[in-house]
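Q:
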Amino acid sequence: MTKREVIAAVVAGARPPYVPWSFSFTLEARQKLVDHFGGDDPELQLHNHLLSLGNEIDFFTDLGDDRFQDAFGVVWDRSIDKDIGNVERPLLVEPILGGYAFPDPLDARFFVDMSGKIAAQPDRYRVFSIGFSLYERAWTLRGMENLMTDFYDHPDFVRDLLRAIADYNIAQVNRALEWDIDAVYFGDDWGQQHGLQMGPRIWHEFIYPEVKRTYAAVHQAGKAVFIHSCGDVQELFDDLIDIGVNCFNPFQPEVMDVAAMIGRFRGRLAFFGGLSTQRTLPYATPAEVQAETRRLIELGREGGYILSPAHAVEGDVPLENMLAFIDEALKQPGFAEILRG
7 MTKREVIAAV VAGARPPYVP WSFSFTLEAR QKLVDHFGGD DPELQLHNHL
57 LSLGNEIDFF TDLGDDRFQD AFGVVWDRSI DKDIGNVERP LLVEPILGGY
107 AFPDPLDARF FVDMSGKIAA QPDRYRVFSI GFSLYERAWT LRGMENLMTD
157 FYDHPDFVRD LLRAIADYNI AQVNRALEWD IDAVYFGDDW GQQHGLQMGP
207 RIWHEFIYPE VKRTYAAVHQ AGKAVFIHSC GDVQELFDDL IDIGVNCFNP
257 FQPEVMDVAA MIGRFRGRLA FFGGLSTQRT LPYATPAEVQ AETRRLIELG
307 REGGYILSPA HAVEGDVPLE NMLAFIDEAL KQPGFAEILR G
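For the sequence shown, the numbering used here assigns the number 7 to the initial residue and increments by one for each residue that follows.
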C-alpha cells in the first residue's frame, strides 16, 4: 500500500498495515532537525504521510519589524511568536460589514504549485488546508472580546459575518477540488483547557450551521473532511460526525482520554495527534517519549488513528525527544520493509 492508501484506510475505519504519521514543527524546532539531518528540508527523513497543500495561514505580506499581514488585511506581530503572532488590532471596529471588502478566495497564491507538489510526491495523501476557517477568522477581524459580546448584543451581525466567511471558504474549496486532492483540512480553535470558548449553546446556534454547509461542499465532491480544533471539544464529536467530519486533530491528551476516544469512535471518526506537546515532549526523557509513542501506536493498530504530536513541535523540545518519536514511527513492522525496498 502507498502512504496515500494507508491514510485512506485509516480515515475509512479499516485496519492499516501499520500506524501512519505526519509530523509538523515550528520554525525553531524544525531548524534543530535541519541542523541534525543536514540540507534544508527534513521531509525526506520524516516520511510524512500527509501532503499539505494550499496556504494554511495566508501571511503573504512581510511588513518588516516582525509584522506580517494576512490575506484579510489583518496585521500580526511576530516579535515573540515567530510562527503566527498576535493580532495588532481588529479591522472591524464596529459590528458592521459595510465598508470591508473580503479578499479573493481564488487568489493564485493559495494554489501555488499544487500540481507540481502532487506530481513530486504522488504516494502521499493530499490535504488542502484552510486555516482560521470560521470562528477564528471572525475574531481576528473583529477582536475576540468584541466577538464574544457580539454573540449576545449583535447576533445578526455575527450571522452575516460567519456566513460571508463560510461563503469564502466554500469558494476556495471548490477551486481546490479542481486538483486530485483527498481531503480538505479546516483549522478553527473552539476549545480551551476545559470546554468550549463560547459554550455549547452559542456554538450550535452560530458555528454549527456554517460548518455544516461548508463540510457538505467537501463531501459532495467525494472528499474527506479533516478539522483542527485545539482544546476540549469532545462534547461536539457526535455532532461533528453527523455533519461529515472524518478526522479530528490535535487530540490533546491533557484534555481528553486518548485511549477511550479511539476505542469509542473507531470506525466513525479518525484521530490525528495525541502525543503531548505540553508535558511529554518538552519534559520527558527520550526513553519516556519512546514508550509513549509505542503506546499510541499500539492503540492505533486497529485503525482510526494517525500518529502525531498534538500540535506543531515547539522549540523547547530537545532534539533527542524529536528523534525518539520519529524513530519509533519509522521502525514499525510493515513500514520498515517499505523503506528497505
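Glycine is no exception: its CB is placed at the ideal position from the N, C-alpha and C atoms.
Taking serine 58 as the reference, which of Gly310, Phe232 and Ala18 has the closest Cα?
A: Phe232
Q: For proline 339, count neighbouring Cβ atoms within 10 angstroms of its own Cβ and tell me buried if that reaches 16, exposed if not.
A: exposed
Q: Could you give the first and the last residue of the continuous alpha helix (DSSP H) run that contains tryptophan 145?
A: First-last of the alpha helix (DSSP H) with tryptophan 145: 141-148.
Q: If we call anything under 9 Å between Cβ atoms a contact, is glutamate 326 one with proline 292?
A: yes
Q: What is the DSSP secondary structure of leucine 112, counted as helix, strand or coil?
A: Residue state, collapsed to three classes: coil.
Q: Under the three-state reduction of DSSP, which class applies to leucine 50: helix, strand or coil?
A: helix
Q: With DSSP run on the structure shown, which of helix, strand or coil describes glycine 347?
A: Caution applies to glycine 347, whose pLDDT of 48 falls short of 50 and renders its modelled position unreliable; the value that the coordinates give is listed next. Coil at glycine 347, not helix or strand.
Q: Taking 9 Å as the threshold (C-beta atoms), are glutamate 216 and leucine 281 in contact?
A: no
Q: Does the distance from the CB of glutamate 298 to the CB of threonine 286 come in under 9 Å?
A: yes
Q: Would you be able to state if there are at least three C-beta pairs under 8 Å between the stretch 91-99 and the stretch 20-34?
A: no
Q: Classify serine 282 as helix, strand or coil using the three-state DSSP reduction.
A: coil
Q: Assign isoleucine 312 to one of three DSSP states: helix, strand, or coil.
A: strand
Q: Apart from the five residues just before and just after aspartate 166, which ones in its own chain have a Cβ nearer than 8 Å to its Cβ?
A: Leu103
Q: Jot down the residue ranges of each uninterrupted alpha helix (DSSP H) in the stretch 136-209, minimum 4 residues, whole runs only, in chain order.
A: 141-148, 150-159 and 161-182
Q: Measuring only the C-alpha atoms, how far is alanine 335 from methionine 204?
A: Computed Cα separation, rounded: 37 Å.
Q: Beta-carbon within less than 8 Å of glycine 310's beta-carbon, same chain only, minus the 5 sequence neighbours each way: which residues are those?
A: Val16, Gly19, Ile268, Phe271, Arg272, Gly273, Leu275, Ala276 and Phe277
Q: Could you tell me the distance, in whole angstroms, from the CA atom of glutamine 296 to the CA atom of phenylalanine 331?
A: 6 Å
Q: Thinking C-alpha only, which one of Asn152, Met154, Ser139 and Leu153 is nearest valine 179?
A: Ser139
Q: Helix, strand or coil: which one does DSSP assign to alanine 107?
A: coil
Q: For a quick check, are the C-beta atoms of serine 314 and proline 256 less than 9 Å apart?
A: yes
Q: Quick one: Cα of leucine 33 to Cα of lysine 218, how far?
A: 34 Å
Q: Reducing DSSP to helix, strand and coil, say where phenylalanine 117 ends up.
A: helix
Q: Going by Cα to Cα distance, which pick from His55, Arg301 and Val80 is closest to isoleucine 63?
A: Val80
Q: By the three-class DSSP mapping on this structure, what secondary structure does aspartate 238 have?
A: coil
Q: Measuring alpha carbon to alpha carbon, tell me which residue in Trp185, Lys38 and Ser30 is nearest lysine 123.
A: Trp185
Q: Could you pull out every residue in the same chain whose Cβ sits closer than 7 Å to the Cβ of alanine 265, ignoring the five residues on either side in sequence?
A: Leu305
Q: What does a CB cutoff of less than 6 Å around leucine 39 pick up in its chain, not counting 5 residues either side in sequence?
A: Contacts found: Pro48.
Q: Given a threshold of 16 other Cβ atoms within 10 Å of its Cβ, counted over all protein chains shown, does lysine 88 qualify as buried or as exposed?
A: By the C-beta density criterion, lysine 88 is exposed, having fewer than 16 other C-beta atoms within 10 angstroms.
Q: Under the three-state reduction of DSSP, which class applies to asparagine 327: helix, strand or coil?
A: helix
Q: Tell me tyrosine 131's beta-bridge partners as DSSP assigns them.
A: Leu56
Q: Bridge partners for threonine 8 per DSSP, in chain order?
A: DSSP output for threonine 8 lists no bridge partner at all.
Q: Shorter than 8 Å, the distance from the beta carbon of proline 109 to the closest heavy atom of the ligand FMN, or not?
A: What this structure holds is no ligand at all, so the ligand FMN is not there to describe.
Q: Quick check on the burial criterion: 16 or more other C-beta atoms within 10 angstroms. Buried or exposed for isoleucine 86?
A: exposed
Q: Alpha carbon to alpha carbon, how far is glutamine 199 from glycine 70? Give it in angstroms, no decimals.
A: 34 Å
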